[in-house]
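K.L.:
Counting in my numbering, the sequence shown runs from -2 upward without gaps.
From the three backbone atoms N, C-alpha and C, an ideal C-beta is built for every residue, glycine too.
All values derive from a computational prediction rather than experimental measurement.
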Amino acid sequence: MLHSLRTATLATVMLLAAVAGVHAQTVTADDTAKFLAGIMPSVDSPLQPLTNDPAWQRHAKFFDTAFAQLEQRQLSRIRAWADTNLAAPKPTMFYMFSGPDFLYANAFYSKASTYVLSALEPVGSVPDLTRLPRGGIASALYNVERSLSSILSFSFFITKQMKTDLQAGQISGTLPILYVFLARSGMTIRSATPISLDDKGAAYFASENPGPNAVRGVRIIFAGPEGQEKTLYYFSTDLSNSGVRASGFLKFCETLAPGNSLIKSASYLLHSGNFTTVRNFLLNNSATIIQDDSGIPLAYYSTRKWRLFPFGRYLGPIDEFPGRYQESYAALFQRAQPIDFGIGYRWRTPETNVLLAVRLPDDGSPAIDATASAEPPPPRPRRPRPPADIGPRPLPDFWSQPRGGFFFWR
-2 MLHSLRTATL ATVMLLAAVA GVHAQTVTAD DTAKFLAGIM PSVDSPLQPL
48 TNDPAWQRHA KFFDTAFAQL EQRQLSRIRA WADTNLAAPK PTMFYMFSGP
98 DFLYANAFYS KASTYVLSAL EPVGSVPDLT RLPRGGIASA LYNVERSLSS
148 ILSFSFFITK QMKTDLQAGQ ISGTLPILYV FLARSGMTIR SATPISLDDK
198 GAAYFASENP GPNAVRGVRI IFAGPEGQEK TLYYFSTDLS NSGVRASGFL
248 KFCETLAPGN SLIKSASYLL HSGNFTTVRN FLLNNSATII QDDSGIPLAY
298 YSTRKWRLFP FGRYLGPIDE FPGRYQESYA ALFQRAQPID FGIGYRWRTP
348 ETNVLLAVRL PDDGSPAIDA TASAEPPPPR PRRPRPPADI GPRPLPDFWS
398 QPRGGFFFWR
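#1: Taking the continuous beta strand (DSSP E) assigned at Lys227, which residues delimit it?
#2: If I measure Cβ to Cβ from Leu67 and keep anything under 7 Å in the same chain, skipping five residues before and after, which residues do I get?
#3: Can you tell me which of the three DSSP states Val351 falls into?
#4: Taking the alpha carbon of Gln225 as the point to measure from, which residue in Ser110, Phe306, Ser39 has its own alpha carbon closest?
#5: Please report the straight-line C-alpha distance between Ala57 and Ile287, rounded to a whole angstrom.
#6: Which same chain residues end up closer than 8 Å to Leu47 when comparing Cβ atoms and leaving out the 5 residues on each side of it in sequence?
#7: On the DSSP bridge list, what partners appear for Asn257?
#8: I'd like the list of long-range same chain contacts for Asp28, defined as Cβ closer than 7 Å, with 5 residues on each side in sequence excluded.
#9: In whole angstroms, what is the alpha-carbon distance linking Ile336 and Ser73?
#10: Based on Cα-Cα distance, which residue from Ala220, Asp50, Asn238 lies nearest to Gly410?
#11: Would DSSP call Thr185 helix, strand or coil?
#12: Just curious, the beta strand (DSSP E) that Tyr201 is in, first and last residue?
#13: Measuring only the C-alpha atoms, how far is Asn140 from Thr274?
#14: Determine, using beta-carbon pairs with one atom in the segment 255 to 266 and one in the segment 72 to 92, whether at least three such pairs fall under 8 Å.
#15: Kindly indicate which residue of Ile36, Ala34, Trp78, Pro173 has the alpha-carbon position closest to the one of Leu352.
#16: Is Glu118 buried or exposed, if buried means 16 or more other CB atoms sit within 10 Å of its CB?
#17: Please state the DSSP three-state secondary structure of Ile293.
#18: I'd like the list of long-range same chain contacts for Ile218, defined as Cβ closer than 7 Å, with 5 residues on each side in sequence excluded.
#19: For Gly270, count neighbouring Cβ atoms within 10 angstroms of its own Cβ and tell me buried if that reaches 16, exposed if not.
#20: One question on the structure: do Tyr230 and Leu114 come within less than 8 Å of each other, judged by their Cβ atoms?
#21: Excluding the 5 residues flanking Gly208 on each side, which residues of the same chain have their C-beta closer than 6 Å to its C-beta?
#22: From the DSSP output, in three-state form, read off Gln334 for me.
#23: Give the straight-line distance between the Cα atoms of Pro363 and Phe306, rounded to the nearest whole angstrom.
#24: To which residues of the same chain is Val24 closer than 8 Å at the C-beta, ignoring the five residues directly before and after it?
#25: Would a C-beta distance cut-off of 8 Å place Arg310 and Asn350 closer than the cut-off?
#26: CB Ser233 to CB Gly214, shorter than 8 Å?
#27: Which two residues bound the contiguous beta strand (DSSP E) that contains Ile217?
#28: If you count every other CB in all the chains shown that lies within 10 Å of the CB of Asp289, and 16 or more means buried, which is it?
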């Protein structure tokens, strides 16, 4: 009897040890994100030995420098601007045409608890990095660096370049970039789950069947340094009129509305007649909209519904987007407030324009608590001529790849 009890106890201990061993060898999403971001994963992570690879150590130093510069030059200043000018943010923020740009979503709306990003780029995947073939780690890290080079320098993605870089190796799509941005923003990833939306906007997880015309994406549950749990959705979807009318994406977004919205480096798509559905959604479901001039044309902001606060300087579109100059924008920005950071295609600080649009209450009374310090827009002056471009500037040392040709910029 005693012998049997000892045998059973020993078997239980061995089983628990085996389970613990398997658990210790599990590569978590958070450790994967940290590793790709050049941050040391947890002590018991199977990825820990890979940090001895000279390729990873060089990668970590490279990202330490790049993200430190970006924090000083851009992100800290954006957060300070948002703290001053956004007094009553909503829990949800929408970022259409975003790509995997969680960095700027979080910088402008750090108080949001739900982020909804959307663009054409597929979610992709991140495999178990411990099982990559010999040399695969160095190649994967290099491709991640290349795919981030434009946004770290200019604040936007060059989509063609990102797509090429992230299809070149074992990892693919937007997920690895989301991982890097979350980790470098000080977030802890608790789970990353595939999500699909049916044509009515209902969410499906795991192996559930969402039916035809499903929108595919990922739901990432994460927490910041303060421990508050937040949710990031990224959906790969066609935001043109035909695309969103055939899918349930905007219906899903309506369940989270009203929210705050960010639009930058959006290829002036909202200026065209093929994106009116998304444009109307943003105007009808946003409490505030932060945008550069590639966002919603000024003519669609009703003065009865919106109060407009210009910051920076409007020089018109870059050469890749002829015919998108807005005289009304130029008039509005005649008395714009100064800004100490740059975003969008005019990413240099002296050239940047940022428009904060604050939705007025339905009765038309002033939105007292919607913005903290901005002045009302000035009276409209005479229609000015388009200003001359400041001209070319030397590119930052960080950007060493040729730009040539026309790209779909984001």
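P.N.:
Result, derived from the coordinates:
#1: 226 to 233
#2: Around Leu67: Leu149.
#3: strand
#4: Nearest option by C-alpha distance: Ser110.
#5: 32 Å
#6: Phe32, Trp53, Leu126, Thr127, Ile134
#7: Met90, Thr285
#8: These residues qualify, in order along the chain: Pro38, Ser39, Ser42, Leu44.
#9: Using only the alpha carbons, I get a separation of about 13 Å.
#10: Residue coverage of the chain in this structure runs from -2 to 407, which leaves residue 410 outside it and unanswerable.
#11: strand
#12: 200 to 202
#13: Between Asn140 and Thr274, the C-alpha separation is close to 35 Å.
#14: yes
#15: Trp78
#16: It counts as buried.
#17: coil
#18: Arg187, Ser188, Glu226, Thr228
#19: exposed
#20: A Cβ-Cβ contact shorter than 8 Å links Tyr230 with Leu114.
#21: Asp195
#22: Strand, per DSSP.
#23: Below a pLDDT of 50, predicted positions are generally treated as unreliable, and Pro363, at 46, falls in that range; no measurement from the model is reported.
#24: Counting only residues of its own chain and dropping the five nearest sequence neighbours on each side, Val24 has a CB closer than 8 Å to the CB of Ser42, Pro43, Leu44, Asp125, Leu126, Thr127.
#25: Contact annotation: Arg310 and Asn350 have beta-carbon atoms nearer than 8 Å.
#26: In this structure, Ser233 lies near Gly214, with their beta-carbon atoms less than 8 Å apart.
#27: Counting along the chain, Ile217 sits inside the beta strand (DSSP E) bounded by residues 212 to 220.
#28: Residue burial is scored here from C-beta neighbours: Asp289 has at least 16 other C-beta atoms within 10 angstroms and is therefore classed as buried.
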